[in-house]
């Protein structure tokens with residue numbers, strides 16, 4: 627079961643949306659608004675607000691899609707982080723075969739580059755190990771969610 631996160635914004639939903647309008651945004655053909663800043667995406671879908679906290683592979687990503695509850699002078703975001711992938715398109719068997727052959731040829735061409743990168747990473751790891759310098763740890767999806775909600779929007783995590 628995914629972990630549930632709760633954030634409180636000290637204001638109304640309209641104040642939150644006004645705060646969001648200070649960021650660059652685009653409107654999609656379906657009328658949804660997308661706000662882009664740093665490595666984050668915020669998407670307005672009707673009355674819902676979706677927070678994109680991390681990319682997750684080919685055209686997919688990790689999203690915080692909360693349930694929004696309004697109180698007197700504050701709103702509460704309650705939800706979990708989940709992976710949302712691309713919409714799969716249906717292909718015929720001939721097109722799948724051509725794509726598979728193309729992917730195979732691409733992998734054959736890219737293999738030497740991958741080997742060189744892996745050797746470089748191994749040598750870098752070996753040098754770090756010899757110098758006893760740990761590699762900096764990357765941020766998790768949870769860290770990125772808290773950064774977005776607390777530092778950009780002024781929410782308080784519970």
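Residue numbers (our numbering): 627 to 784. Glycine included, C-beta positions come from ideal geometry on N, C-alpha and C. Bear in mind the structure is a predicted one, so any value in this text is a computation, not a measurement.
Can the beta-carbon of residue i be found closer than 8 Å to that of residue j?
i           : j           : result
residue 649 : residue 780 : no
residue 763 : residue 696 : no
residue 703 : residue 660 : no
residue 705 : residue 692 : yes
residue 646 : residue 668 : yes
residue 699 : residue 637 : yes
Within the present structure, is the beta-carbon of residue i separated from the nearest heavy atom of the ligand FMN by less than 7 Å?
i           : result
residue 657 : As for the ligand FMN, it is missing from this structure, which has no ligand bound.
For residue i, I'd like the list of residues in its chain whose CB is within less than 8 Å of its CB, leaving aside the five on either flank, ordered along the chain.
i           : result
residue 662 : 649, 650, 651, 652
residue 721 : none
residue 730 : none
By the DSSP assignment, the alpha helix (DSSP H) with residue i in it spans what residues?
i           : result
residue 678 : Looking at the DSSP string, residue 678 is not in any alpha helix (DSSP H); the run it does join, the beta strand (DSSP E), is 674-681.
residue 746 : 719-757
residue 639 : 639-646
residue 772 : 767-772
Just reading off the beta strand (DSSP E) that residue i is part of, what are its end residues?
i           : result
residue 652 : 651-653
residue 697 : From DSSP, residue 697 is part of no beta strand (DSSP E); its letter is neither H nor E.
residue 690 : 687-690
residue 669 : 666-671
residue 635 : 630-635
residue 663 : 659-663
Can you name, in chain order, every residue of its own chain whose Cβ lies under 6 Å from the Cβ of residue i, other than the five neighbours on each side?
i           : result
residue 777 : none
residue 782 : 634
Please look up how many angstroms separate the CB atoms of residue i and residue j, rounded, as I've assumed it's under 8 Å.
i           : j           : result
residue 666 : residue 774 : 5 Å
residue 710 : residue 686 : 6 Å
residue 688 : residue 707 : 5 Å
If we cut at 8 Å on Cβ distances, does residue i have a partner in chain C?
i           : result
residue 709 : In summary, chain C is missing from the structure at hand, where a single protein chain is found.
Whose C-beta lies closer than 7 Å to the C-beta of residue i among residues of the same chain, with five residues either side of it excluded?
i           : result
residue 714 : Low local confidence applies: a pLDDT of 46 at residue 714 is under 50, so the model's placement there is unreliable, and no value is given.
residue 670 : 658, 659
residue 744 : none
Specify whether the region 768-779 and the region 674-683 touch according to this definition: at least 3 beta carbon pairs, one from each stretch, less than 8 Å apart. Put simply, the region 768-779 touches the region 674-683. At least three CB pairs are less than 8 Å apart.
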